[in-house]
Amino acid sequence: MSSYPYIAIEGAIGVGKTTLARILGDAMHAEVLLEVFEENPFLGDFYADRARYAFQTQVFFLLSRYRQQHRVIASTIRRGPLVSDYLFAKDWLFAHLNLAGDELTMYERVHSILGEQIPTPSLTIFLKASTETLMERITFRDRAYERQISREYIDALRVAYERFFETYTLAPVLAVDTESMDLVRDSAARSEIVGRVRSALQMSSHQLRFPEIEVATADVIDTAEPGSRLQDLQRFHQAVDRANHSRGDLFIDCLGLTSQIGELAGSLRLVWDREEQFLPQVGNRSEARDRALDAVGAELQGRLADALSSLIRIANHAGVDLESAYLGRIDPGRRGKGNPSR
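For the sequence shown, counting from 1, position 5 maps to 540 in my numbering; every step adds exactly one.
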(Lines of atoms letter the chains of each structure in order from A; the text may use other names.)
(Lines give C-alpha, C1' and ligand atoms only; values in the text may rest on other atoms or scores of the structure.)
Protein backbone atom coordinates (compact mmCIF):
# COMPACT_ATOMS: atom_id res chain seq x y z
CA MET A 536 0.00 0.00 0.00
CA SER A 537 1.43 3.39 -0.95
CA SER A 538 1.83 5.96 1.79
CA TYR A 539 0.05 9.28 2.16
CA PRO A 540 2.00 12.55 2.17
CA TYR A 541 4.03 13.58 5.19
CA ILE A 542 4.55 17.34 5.55
CA ALA A 543 7.12 18.76 7.98
CA ILE A 544 7.19 22.44 9.02
CA GLU A 545 10.38 24.15 10.16
CA GLY A 546 11.73 27.52 11.15
CA ALA A 547 13.16 29.37 14.12
CA ILE A 548 11.51 29.57 17.53
CA GLY A 549 8.37 31.73 17.39
CA VAL A 550 7.90 31.62 13.61
CA GLY A 551 4.49 29.88 13.78
CA LYS A 552 5.20 26.20 13.08
CA THR A 553 2.58 24.75 15.41
CA THR A 554 -0.08 27.22 14.28
CA LEU A 555 0.46 26.28 10.64
CA ALA A 556 0.54 22.55 11.44
CA ARG A 557 -2.91 22.78 13.00
CA ILE A 558 -4.26 24.85 10.10
CA LEU A 559 -3.01 22.32 7.55
CA GLY A 560 -4.24 19.42 9.66
CA ASP A 561 -7.78 20.85 9.59
CA ALA A 562 -7.69 21.87 5.93
CA MET A 563 -6.24 18.60 4.65
CA HIS A 564 -7.92 16.17 7.07
CA ALA A 565 -4.47 15.12 8.26
CA GLU A 566 -3.12 13.83 11.56
CA VAL A 567 -0.96 16.41 13.34
CA LEU A 568 2.32 15.53 15.06
CA LEU A 569 3.47 18.20 17.52
CA GLU A 570 6.92 18.36 19.05
CA VAL A 571 6.91 17.57 22.76
CA PHE A 572 9.41 20.09 24.11
CA GLU A 573 7.93 21.00 27.48
CA GLU A 574 8.89 17.63 28.98
CA ASN A 575 12.62 18.33 28.55
CA PRO A 576 13.83 18.85 32.15
CA PHE A 577 16.95 20.73 31.01
CA LEU A 578 15.28 23.31 28.77
CA GLY A 579 14.80 26.11 31.30
CA ASP A 580 18.35 25.70 32.61
CA PHE A 581 19.68 25.64 29.04
CA TYR A 582 18.23 29.05 28.21
CA ALA A 583 19.77 30.41 31.42
CA ASP A 584 23.20 28.78 30.90
CA ARG A 585 23.67 27.39 27.39
CA ALA A 586 27.28 26.27 27.80
CA ARG A 587 26.58 24.18 30.88
CA TYR A 588 23.36 22.47 29.84
CA ALA A 589 23.67 22.23 26.05
CA PHE A 590 24.73 18.57 25.82
CA GLN A 591 22.09 17.23 28.24
CA THR A 592 19.39 19.28 26.54
CA GLN A 593 20.41 18.21 23.05
CA VAL A 594 20.69 14.49 23.80
CA PHE A 595 17.32 14.49 25.56
CA PHE A 596 15.72 16.18 22.53
CA LEU A 597 17.41 13.78 20.10
CA LEU A 598 16.13 10.66 21.87
CA SER A 599 12.70 12.17 22.47
CA ARG A 600 12.29 13.24 18.84
CA TYR A 601 13.50 9.87 17.60
CA ARG A 602 11.11 7.96 19.87
CA GLN A 603 8.17 10.09 18.80
CA GLN A 604 8.82 10.15 15.05
CA HIS A 605 9.95 6.53 14.76
CA ARG A 606 6.74 5.34 16.41
CA VAL A 607 4.29 7.68 14.72
CA ILE A 608 5.24 8.66 11.18
CA ALA A 609 5.42 5.34 9.33
CA SER A 610 2.25 3.95 10.89
CA THR A 611 0.28 7.19 10.42
CA ILE A 612 1.02 7.75 6.72
CA ARG A 613 -0.23 4.26 5.96
CA ARG A 614 -3.68 5.48 7.07
CA GLY A 615 -3.74 9.10 5.96
CA PRO A 616 -1.80 12.38 5.57
CA LEU A 617 0.44 13.66 8.37
CA VAL A 618 1.59 17.19 9.22
CA SER A 619 4.39 17.70 11.76
CA ASP A 620 5.52 20.97 13.30
CA TYR A 621 9.16 19.86 13.22
CA LEU A 622 11.70 18.00 11.12
CA PHE A 623 13.92 15.34 12.68
CA ALA A 624 16.93 16.87 10.93
CA LYS A 625 16.44 20.07 12.95
CA ASP A 626 18.14 18.35 15.85
CA TRP A 627 21.39 18.38 13.86
CA LEU A 628 20.99 22.13 13.29
CA PHE A 629 20.53 22.87 16.99
CA ALA A 630 23.42 20.58 17.93
CA HIS A 631 25.83 22.42 15.63
CA LEU A 632 24.66 25.70 17.11
CA ASN A 633 25.11 24.61 20.73
CA LEU A 634 27.74 21.84 20.86
CA ALA A 635 31.44 21.59 20.02
CA GLY A 636 34.40 19.23 20.32
CA ASP A 637 33.92 15.71 21.64
CA GLU A 638 30.32 16.38 22.61
CA LEU A 639 29.43 17.29 19.02
CA THR A 640 31.33 14.30 17.65
CA MET A 641 29.49 11.91 19.96
CA TYR A 642 26.17 13.54 19.13
CA GLU A 643 26.75 13.25 15.36
CA ARG A 644 27.42 9.52 15.60
CA VAL A 645 24.17 8.87 17.44
CA HIS A 646 22.17 11.20 15.19
CA SER A 647 23.50 9.48 12.07
CA ILE A 648 22.35 6.06 13.31
CA LEU A 649 18.91 7.20 14.42
CA GLY A 650 18.24 9.49 11.46
CA GLU A 651 18.43 6.61 8.98
CA GLN A 652 15.29 5.14 10.54
CA ILE A 653 13.11 8.25 10.21
CA PRO A 654 10.93 8.66 7.07
CA THR A 655 11.71 11.61 4.79
CA PRO A 656 8.92 14.22 4.31
CA SER A 657 7.05 14.55 1.04
CA LEU A 658 7.33 18.30 1.54
CA THR A 659 9.20 20.52 3.99
CA ILE A 660 7.82 24.00 4.69
CA PHE A 661 10.42 26.54 5.81
CA LEU A 662 8.86 29.49 7.64
CA LYS A 663 10.88 32.71 7.84
CA ALA A 664 10.64 35.96 9.80
CA SER A 665 12.97 38.68 11.02
CA THR A 666 14.67 38.44 14.41
CA GLU A 667 12.57 41.34 15.71
CA THR A 668 9.33 39.62 14.69
CA LEU A 669 10.44 36.33 16.24
CA MET A 670 11.23 38.06 19.54
CA GLU A 671 7.86 39.81 19.52
CA ARG A 672 6.02 36.52 19.01
CA ILE A 673 8.03 34.77 21.72
CA THR A 674 7.27 37.59 24.14
CA PHE A 675 3.58 37.56 23.21
CA ARG A 676 3.07 33.83 23.89
CA ASP A 677 5.04 34.18 27.17
CA ARG A 678 6.17 30.62 27.84
CA ALA A 679 7.97 30.49 31.19
CA TYR A 680 10.99 28.55 29.94
CA GLU A 681 11.45 30.97 27.00
CA ARG A 682 11.61 34.16 29.03
CA GLN A 683 15.39 33.99 29.29
CA ILE A 684 16.02 33.49 25.57
CA SER A 685 18.36 36.23 24.34
CA ARG A 686 17.96 38.16 21.12
CA GLU A 687 21.46 37.06 20.13
CA TYR A 688 20.49 33.39 20.36
CA ILE A 689 17.34 33.86 18.27
CA ASP A 690 19.29 35.81 15.66
CA ALA A 691 21.94 33.08 15.49
CA LEU A 692 19.20 30.47 15.18
CA ARG A 693 17.49 32.37 12.37
CA VAL A 694 20.76 32.58 10.44
CA ALA A 695 21.46 28.88 11.08
CA TYR A 696 18.06 27.96 9.61
CA GLU A 697 18.72 30.08 6.52
CA ARG A 698 22.05 28.33 5.94
CA PHE A 699 20.62 24.90 6.69
CA PHE A 700 17.93 25.19 4.01
CA GLU A 701 20.36 26.58 1.44
CA THR A 702 21.84 23.08 1.18
CA TYR A 703 18.91 20.90 2.30
CA THR A 704 18.07 18.39 -0.45
CA LEU A 705 16.33 15.50 1.34
CA ALA A 706 12.84 16.75 0.40
CA PRO A 707 11.21 19.52 -1.67
CA VAL A 708 11.17 22.80 0.26
CA LEU A 709 8.46 25.45 0.23
CA ALA A 710 9.81 28.69 1.74
CA VAL A 711 7.20 31.03 3.23
CA ASP A 712 7.90 34.52 4.57
CA THR A 713 5.61 35.02 7.60
CA GLU A 714 6.87 38.53 8.41
CA SER A 715 3.54 40.23 7.60
CA MET A 716 1.35 37.13 7.70
CA ASP A 717 -1.21 36.70 10.51
CA LEU A 718 -2.33 33.07 10.25
CA VAL A 719 -4.34 33.28 13.46
CA ARG A 720 -6.67 36.15 12.52
CA ASP A 721 -6.40 36.45 8.71
CA SER A 722 -8.51 33.84 6.91
CA ALA A 723 -7.20 35.02 3.52
CA ALA A 724 -3.63 34.33 4.66
CA ARG A 725 -4.65 30.85 5.81
CA SER A 726 -6.32 30.09 2.49
CA GLU A 727 -3.29 31.37 0.58
CA ILE A 728 -0.80 29.19 2.40
CA VAL A 729 -3.02 26.09 2.20
CA GLY A 730 -3.27 26.65 -1.56
CA ARG A 731 0.50 27.00 -1.85
CA VAL A 732 1.05 23.78 0.05
CA ARG A 733 -1.40 21.88 -2.15
CA SER A 734 0.32 23.22 -5.27
CA ALA A 735 3.76 22.31 -3.92
CA LEU A 736 2.60 18.76 -3.24
CA GLN A 737 1.33 18.46 -6.81
CA MET A 738 4.57 19.84 -8.23
CA SER A 739 6.54 17.29 -6.20
CA SER A 740 4.46 14.53 -7.83
CA HIS A 741 2.85 13.60 -4.55
CA GLN A 742 -0.87 14.26 -4.84
CA LEU A 743 -2.63 14.68 -1.52
CA ARG A 744 -4.90 11.68 -1.13
CA PHE A 745 -7.53 11.20 1.49
CA PRO A 746 -8.37 7.99 3.35
CA GLU A 747 -10.45 5.68 1.22
CA ILE A 748 -11.86 2.16 1.25
CA GLU A 749 -9.45 0.18 -0.89
CA VAL A 750 -11.54 -2.99 -1.32
CA ALA A 751 -14.95 -2.80 -2.97
CA THR A 752 -17.85 -3.64 -0.68
CA ALA A 753 -19.10 -6.30 -3.10
CA ASP A 754 -15.73 -8.08 -2.92
CA VAL A 755 -15.98 -8.22 0.86
CA ILE A 756 -19.55 -9.55 0.75
CA ASP A 757 -18.62 -12.25 -1.75
CA THR A 758 -16.05 -13.63 0.69
CA ALA A 759 -18.61 -14.03 3.49
CA GLU A 760 -19.21 -17.71 4.20
CA PRO A 761 -22.47 -19.14 5.56
CA GLY A 762 -22.36 -20.49 9.09
CA SER A 763 -19.80 -17.90 10.21
CA ARG A 764 -19.24 -16.95 13.85
CA LEU A 765 -22.08 -14.44 14.13
CA GLN A 766 -24.58 -17.22 13.49
CA ASP A 767 -22.61 -19.46 15.85
CA LEU A 768 -22.94 -16.83 18.58
CA GLN A 769 -26.70 -16.70 18.09
CA ARG A 770 -26.89 -20.48 18.39
CA PHE A 771 -24.69 -20.40 21.48
CA HIS A 772 -27.03 -17.90 23.15
CA GLN A 773 -29.99 -20.10 22.31
CA ALA A 774 -28.27 -23.07 23.97
CA VAL A 775 -27.50 -21.01 27.07
CA ASP A 776 -31.12 -19.81 27.31
CA ARG A 777 -32.40 -23.36 26.96
CA ALA A 778 -30.00 -24.62 29.63
CA ASN A 779 -31.18 -21.85 31.97
CA HIS A 780 -34.85 -22.43 31.06
CA SER A 781 -35.01 -18.79 29.98
CA ARG A 782 -37.78 -17.84 27.57
CA GLY A 783 -36.46 -14.28 27.29
CA ASP A 784 -38.42 -11.07 27.08
CA LEU A 785 -37.99 -8.48 24.34
CA PHE A 786 -38.89 -5.60 26.64
CA ILE A 787 -36.42 -6.63 29.37
CA ASP A 788 -33.68 -7.27 26.82
CA CYS A 789 -34.34 -3.86 25.26
CA LEU A 790 -33.98 -2.18 28.66
CA GLY A 791 -30.76 -4.10 29.23
CA LEU A 792 -29.34 -3.05 25.86
CA THR A 793 -30.29 0.59 26.49
CA SER A 794 -28.52 0.52 29.86
CA GLN A 795 -25.45 -1.13 28.37
CA ILE A 796 -25.26 1.42 25.56
CA GLY A 797 -25.27 4.13 28.21
CA GLU A 798 -22.39 2.41 30.03
CA LEU A 799 -20.55 2.01 26.73
CA ALA A 800 -20.95 5.72 26.07
CA GLY A 801 -19.48 6.41 29.51
CA SER A 802 -16.45 4.26 28.72
CA LEU A 803 -15.97 6.02 25.39
CA ARG A 804 -16.22 9.38 27.15
CA LEU A 805 -13.43 8.19 29.44
CA VAL A 806 -11.36 7.29 26.37
CA TRP A 807 -11.86 10.79 24.96
CA ASP A 808 -10.93 12.40 28.30
CA ARG A 809 -7.78 10.29 28.55
CA GLU A 810 -6.91 11.14 24.95
CA GLU A 811 -6.97 14.85 25.76
CA GLN A 812 -4.77 14.20 28.82
CA PHE A 813 -2.21 12.26 26.80
CA LEU A 814 -2.17 14.65 23.83
CA PRO A 815 0.14 17.30 25.40
CA GLN A 816 2.54 14.54 26.44
CA VAL A 817 2.87 12.75 23.09
CA GLY A 818 2.05 15.55 20.64
CA ASN A 819 0.04 13.37 18.27
CA ARG A 820 -3.66 12.58 18.47
CA SER A 821 -3.34 9.12 16.97
CA GLU A 822 -0.78 8.05 19.57
CA ALA A 823 -2.74 9.77 22.35
CA ARG A 824 -5.85 7.83 21.31
CA ASP A 825 -3.91 4.55 21.28
CA ARG A 826 -2.66 5.20 24.81
CA ALA A 827 -6.15 6.12 25.97
CA LEU A 828 -7.56 2.90 24.48
CA ASP A 829 -4.81 0.91 26.21
CA ALA A 830 -5.75 2.51 29.52
CA VAL A 831 -9.50 1.94 29.18
CA GLY A 832 -9.36 -1.11 26.91
CA ALA A 833 -10.44 -3.76 29.41
CA GLU A 834 -13.48 -1.76 30.52
CA LEU A 835 -14.43 -0.91 26.94
CA GLN A 836 -14.14 -4.54 25.90
CA GLY A 837 -16.51 -5.60 28.66
CA ARG A 838 -19.07 -2.92 27.74
CA LEU A 839 -19.03 -3.95 24.08
CA ALA A 840 -19.40 -7.64 24.97
CA ASP A 841 -22.39 -6.90 27.23
CA ALA A 842 -24.11 -4.84 24.53
CA LEU A 843 -23.48 -7.51 21.90
CA SER A 844 -24.92 -10.16 24.20
CA SER A 845 -28.16 -8.23 24.64
CA LEU A 846 -28.35 -7.47 20.93
CA ILE A 847 -27.98 -11.18 20.09
CA ARG A 848 -30.67 -12.12 22.63
CA ILE A 849 -33.06 -9.60 21.08
CA ALA A 850 -32.35 -10.96 17.60
CA ASN A 851 -32.95 -14.53 18.76
CA HIS A 852 -36.23 -13.72 20.48
CA ALA A 853 -37.36 -11.76 17.40
CA GLY A 854 -36.31 -14.55 15.03
CA VAL A 855 -33.76 -12.43 13.16
CA ASP A 856 -30.64 -13.86 11.53
CA LEU A 857 -28.22 -11.01 12.24
CA GLU A 858 -25.69 -12.02 9.61
CA SER A 859 -28.26 -12.22 6.83
CA ALA A 860 -29.84 -8.96 8.01
CA TYR A 861 -26.47 -7.20 8.05
CA LEU A 862 -25.44 -8.41 4.60
CA GLY A 863 -28.87 -7.54 3.25
CA ARG A 864 -28.56 -4.05 4.70
CA ILE A 865 -25.36 -3.25 2.82
CA ASP A 866 -26.27 -5.27 -0.30
CA PRO A 867 -30.07 -5.63 -0.77
CA GLY A 868 -29.52 -8.22 -3.50
CA ARG A 869 -28.08 -10.59 -0.91
CA ARG A 870 -30.83 -10.11 1.69
CA GLY A 871 -31.42 -13.52 3.25
CA LYS A 872 -34.22 -15.12 5.22
CA GLY A 873 -32.14 -17.35 7.46
CA ASN A 874 -33.53 -17.76 10.97
CA PRO A 875 -31.31 -19.37 13.57
CA SER A 876 -34.12 -19.39 16.12
CA ARG A 877 -36.29 -21.76 14.13
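Ideal Cβ placement from N, Cα and C applies to all residues, glycine included.
1. Along the chain, where does the alpha helix (DSSP H) containing Leu835 start, and where does it finish?
2. Within the same chain, show all residues whose beta-carbon is closer than 8 Å to that of Leu669, passing over the 5 residues directly before and after it, in chain order.
3. Across which residues does DSSP place Val708 in a beta bridge pair?
4. Could you round the C-beta distance between Leu617 and Ala565 to whole angstroms and report it? I think they count as a contact, below 8 Å.
5. In terms of residues, what are the limits of the alpha helix (DSSP H) holding Val694?
6. Buried or exposed: where does Gly797 fall if 16 or more other Cβ atoms within 10 Å of its Cβ makes it buried?
7. Assess contact between the segment 765 to 777 and the segment 846 to 862, defined as three or more Cβ pairs (one per stretch) separated by less than 8 Å. Is contact present?
8. For the beta strand (DSSP E) containing Val567, name the first residue and the last one.
9. Mapping the DSSP letters down to three states, classify Val806 as helix, strand or coil.
10. Mind reading off the beta-carbon distance from Thr704 to Glu545? Whole number of angstroms is fine, and I expect it under 8 Å.
11. Whose C-beta lies closer than 7 Å to the C-beta of Ala556 among residues of the same chain, with five residues either side of it excluded?
12. Does Thr592 pass the burial test, meaning 16 or more other C-beta atoms within 10 Å, or should it be called exposed?
13. With H, G and I counted as helix, E and B as strand and the rest as coil, what does DSSP make of Val618?
14. Can you tell me the Cβ-Cβ gap for Arg804 and Ala830, rounded? I've got them flagged as a contact below 8 Å.
15. Mind pulling the beta strand (DSSP E) runs of 3 or more residues that sit fully within the segment 539 to 615?
16. Pick from Glu834, Ile728 and Ala850: whose alpha carbon is nearest that of Phe786?
17. What do you get for Thr640, buried or exposed, if any count of 16 or more other CB atoms within 10 angstroms of its CB means buried?
18. Beta-carbon within less than 8 Å of Ala759's beta-carbon, same chain only, minus the 5 sequence neighbours each way: which residues are those?
19. Measure the Cβ-Cβ separation of Arg838 and Asp788 and say whether it is below 7 Å.
20. Use the C-beta contact count for Gly762: other C-beta atoms within 10 angstroms, 16 or more gives buried, fewer gives exposed.
21. Compute the Euclidean distance between the alpha carbons of Val645 and Arg600, then round it to the nearest angstrom.
22. Helix or strand or just coil, what does DSSP make of Ile796?
23. Give the secondary structure of Ser859 by DSSP, where H, G and I count as helix, E and B as strand, and everything else as coil.
24. Do Val806 and Ala827 have their beta-carbon atoms positioned less than 7 Å apart in this structure?
25. Thinking Leu597 and Asp626 are a contact (beta carbons under 8 Å), I'd like their distance in whole angstroms, please.
26. Return yes when the Cβ of Ser802 is within less than 7 Å of the Cβ of Leu846, no when it is not.
27. How many Å lie between Val571 and Ala853 at the Cα?
28. Quick one: grab the DSSP three-state call for Glu651.
29. Locate the alpha helix (DSSP H) running through Leu669, then write down its first and last residues.
30. Check each candidate in Pro540, Val732 and Ile558 and name the one with the smallest Cα separation from Leu718.
31. Between Gly650 and Phe629, what straight-line distance do the alpha-carbon atoms span, to the nearest angstrom?
Here's the rundown:
1. Numbered from 1 along the sequence shown, position 300 holds the residue referred to as residue 835. Element bounds for Leu835: Arg820 to Ala853.
2. Against the sequence shown, residue 669 aligns to sequence position 134. Around Leu669: Ala547, Ile548, Gly549, Val550, Ile689 and Arg693.
3. The residue labelled residue 708 in the question sits at position 173 within the sequence shown. Val708 pairs with Thr659.
4. In the sequence shown, counting from the first residue as 1, residue 617 sits at position 82. In the sequence shown, counting from the first residue as 1, residue 565 sits at position 30. Distance from Leu617 to Ala565 at the Cβ level is roughly 6 Å; contact confirmed, criterion being Cβ atoms closer than 8 Å.
5. Counted from its first residue, the sequence shown places residue 694 at position 159. Unbroken alpha helix (DSSP H) run through Val694: Arg686 to Glu701.
6. Mapped onto the sequence shown, residue 797 falls at position 262. With a threshold of 16 other beta carbon atoms within 10 Å, Gly797 falls short and is exposed.
7. Contact between the segment 765 to 777 and the segment 846 to 862 is present, because at least three Cβ pairs lie under 8 Å.
8. Numbered from 1 along the sequence shown, position 32 holds the residue referred to as residue 567. It spans Glu566 to Leu568 - the beta strand (DSSP E) in which Val567 sits, taken as one unbroken run.
9. Locating residue 806 in the sequence shown gives position 271, where the first residue counts as 1. In the structure shown, Val806 sits in a helix (DSSP, three-state: H, G or I).
10. As a working mapping, residue 704 is identified with position 169 in the sequence shown. As a working mapping, residue 545 is identified with position 10 in the sequence shown. Not confirmed; about 14 Å, so no contact.
11. For the purposes of this step, residue 556 is identified with residue 21 of the sequence shown, where counting begins at 1. Cβ within range, chain order: Ile544, Val567, Leu569, Val618, Ser619 and Asp620.
12. For this step, residue 592 is matched to residue 57 along the sequence shown. Label assigned to Thr592: buried.
13. What you label residue 618 is simply residue 83 of the sequence shown in a count that begins at 1. Note: Val618 maps to strand in three-state DSSP.
14. Position 269 of the sequence shown holds residue 804. Position 295 of the sequence shown holds residue 830. Distance from Arg804 to Ala830 at the Cβ level is roughly 13 Å; contact not present, criterion being Cβ atoms closer than 8 Å.
15. Fully enclosed beta strand (DSSP E) runs of 3 or longer: 541 to 545 and 566 to 568.
16. Working through the sequence shown from its first residue, we reach residue 786 at position 251. Nearest Cα to Phe786 within the set Glu834, Ile728 and Ala850: Ala850.
17. The residue labelled residue 640 in the question sits at position 105 within the sequence shown. That one is exposed.
18. Counted from its first residue, the sequence shown places residue 759 at position 224. For Ala759, the pLDDT reaches just 43, beneath the cut-off of 50, and the residue's location in the model is therefore unreliable, leaving the point undetermined.
19. For this step, residue 838 is matched to residue 303 along the sequence shown. For this step, residue 788 is matched to residue 253 along the sequence shown. Going by C-beta atoms, Arg838 is not nearer than 7 Å to Asp788.
20. Along the sequence shown, read from residue 1 onward, the residue named residue 762 stands at position 227. With a pLDDT of 46 at Gly762, under the threshold of 50, the modelled position of that residue is not reliable, and no figure is offered here.
21. For the purposes of this step, residue 645 is taken as the residue at position 110 of the sequence shown. For the purposes of this step, residue 600 is taken as the residue at position 65 of the sequence shown. Whole-angstrom Cα-Cα distance: 13 Å.
22. Walking along the sequence shown from the start, residue 796 turns up at place 261. Per DSSP, reduced to three states, the secondary structure at Ile796 is helical.
23. In the sequence shown, residue 859 corresponds to position 324, counting from 1. The answer is helix: DSSP assigns Ser859 an H, G or I state.
24. For the purposes of this step, residue 827 is identified with residue 292 of the sequence shown, where counting begins at 1. For the purposes of this step, residue 806 is identified with residue 271 of the sequence shown, where counting begins at 1. Judged by their CB atoms, Ala827 and Val806 are nearer to each other than the 7 Å cut-off.
25. Along the sequence shown, one-based indexing puts residue 597 at 62. Along the sequence shown, one-based indexing puts residue 626 at 91. With 8 Å as the limit, Leu597 and Asp626 qualify as a contact, their Cβ atoms being about 5 Å apart.
26. Within the sequence shown, the letter at position 311 stands for residue 846. Within the sequence shown, the letter at position 267 stands for residue 802. Against a cut-off of 7 Å, the Cβ pair of Ser802 and Leu846 comes out as no contact.
27. In the sequence shown, counting from the first residue as 1, residue 571 sits at position 36. In the sequence shown, counting from the first residue as 1, residue 853 sits at position 318. Rounded to the nearest angstrom, the two C-alpha atoms are 53 Å apart.
28. Indexing the sequence shown from 1 puts residue 651 at position 116. In the structure shown, Glu651 sits in coil (DSSP, three-state: anything other than H, G, I, E or B).
29. Position 134 of the sequence shown, counting from 1, holds the residue named residue 669. Per DSSP, the continuous alpha helix (DSSP H) segment holding Leu669 begins and ends at Thr666 to Arg676.
30. Taking the sequence shown and counting its residues from 1, the one referred to as residue 718 is at position 183. Comparing Cα-Cα distances from Leu718 to each of Pro540, Val732 and Ile558, the minimum goes to Ile558.
31. Position 115 of the sequence shown, counted from the start, is the residue given in the question as residue 650. Position 94 of the sequence shown, counted from the start, is the residue given in the question as residue 629. Between the alpha carbons of Gly650 and Phe629 lies a gap of roughly 15 Å.
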